[in-house]
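Those protein sequence lines, which keep their order, are chains A and B. Just so you know, we're using my numbering here: the first sequence kicks off at 1 and counts up by one. Just so you know, we're using my numbering here: the second sequence kicks off at 114 and counts up by one. Virtual Cβ for every residue (Gly too), placed ideally from N, Cα, C. Data first, discussion second: the structure below is written as structure tokens.
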Amino acid sequence: DTGVSQDPRHKITKRGQNVTFRCDPISEHNRLYWYRQTLGQGPEFLTYFQNEAQLEKSRLLSDRFSAERPKGSFSTLEIQRTEQGDSAMYLCASSPWDNEKLFFGSGTQLSVL
Amino acid sequence: DAKTTQPNSMESNEEEPVHLPCNHSTISGTDYIHWYRQLPSQGPEYVIHGLTSNVNNRMASLAIAEDRKSSTLILHRATLRDAAVYYCILRPQVTGANSKLTFGKGITLSVRP
């Protein structure tokens, strides 16, 4: 069990650029979650997958955000035309099944200049 | 989602017990009480969860009021490494649509040496 891995740990980009983050969940965890966290706030839910199916999306996930989990293993979160308000920590979590505890990665810190 | 209420912050001395309160007066009969904590620059980490009975594990104890409208996370001997934000979260038992965790702001625990 190597834990949930997120890449990169830090990303600095200019406003208007596209960015993509990757999450590798714990092996054989079929549920994968994306959260966003700004300073002083708790994590906010963005979306989750069961295997390759995206089962729920938050209203926070605007049209500029897209997440995929093509083979039910790793996932990517892409933000197009980044805005300064997108600056946050993006957290990924996985769990083996429903109502099991979630295992979080260390996150990707995005700074949009 | 049912809401929880926690104090903003709490201070403790090292080696002493810590009691972190959480109010959840609108809890439903199928809501589990989960606690996660988040150390600086890390993703949240599962601590403990319970439904009705008090629970113990190697990290902490969870005391649940008889009416389930409040609970207390107990750290038996605080260490400096326990300084973190602690989140009390209600998570429905029903599978599928209610899979996500909804975080509040949590309580920031400071531990004095």
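| request: Output yes or no for whether 8 Å exceeds the beta carbon distance between LEU222 of chain B and SER154 of chain B. | output: no
| query | How would you list, in chain order, the residues of chain A whose beta-carbon sits under 9 Å from the beta-carbon of GLU127 of chain B? | reply | Under the 9 Å cutoff, chain A gives no residues; its nearest Cβ is about 25 Å from GLU127 of chain B.
| query | Taking Cβ-Cβ distances shorter than 7 Å, what residues in chain B pair up with GLY107 of chain A? | reply | GLY156
| said: Tell me the rounded alpha-carbon separation between HIS147 of chain B and LYS101 of chain A. | reply: 9 Å
| query | Is the Cβ of LEU214 of chain B closer than 8 Å to any Cβ of chain A? | reply | yes
| request: Could you round the C-beta distance between GLN6 of chain A and ARG22 of chain A to whole angstroms and report it? I think they count as a contact, below 8 Å. | output: 7 Å
| field | Beta bridge counterpart(s) of GLN54 of chain A as assigned by DSSP | value | A:PHE49
| TYR33 of chain A CB to nearest chain B CB: under 8 Å? | yes
| query | Is GLN37 of chain A helix, strand or coil when you go by DSSP? | reply | strand
| Is the segment 135 to 146 of chain B touching the segment 41 to 52 of chain A in the sense that three or more CB pairs, one from each, lie closer than 8 Å? | no
| When burial is assigned at 16 or more other CB atoms within 10 Å of the CB, is LEU77 of chain A buried or exposed? | buried
| task | Determine the burial state of GLY186 of chain B: buried for a count of at least 16 other Cβ atoms within 10 Å of its Cβ, exposed for fewer. | result | The question names Gly, yet the displayed sequence has Leu at residue 186 of chain B. Buried, because 16 or more other Cβ atoms sit within 10 Å of the Cβ of LEU186 of chain B.
| task | Would you mind stating whether ILE202 of chain B and LEU188 of chain B have Cβ atoms separated by less than 8 Å? | result | no
| said: My assumption, with CB atoms under 8 Å, is that ALA176 of chain B sits in contact with ASN167 of chain B. Please give the rounded CB distance. | reply: 5 Å
| query | For ALA196 of chain B, which residues from the same chain have a beta carbon less than 7 Å from its beta carbon, with the 5 sequence-adjacent residues on both sides left out? | reply | LEU222, SER223 and VAL224
| task | Compute the Euclidean distance between the alpha carbons of ARG204 of chain B and LYS116 of chain B, then round it to the nearest angstrom. | result | 10 Å
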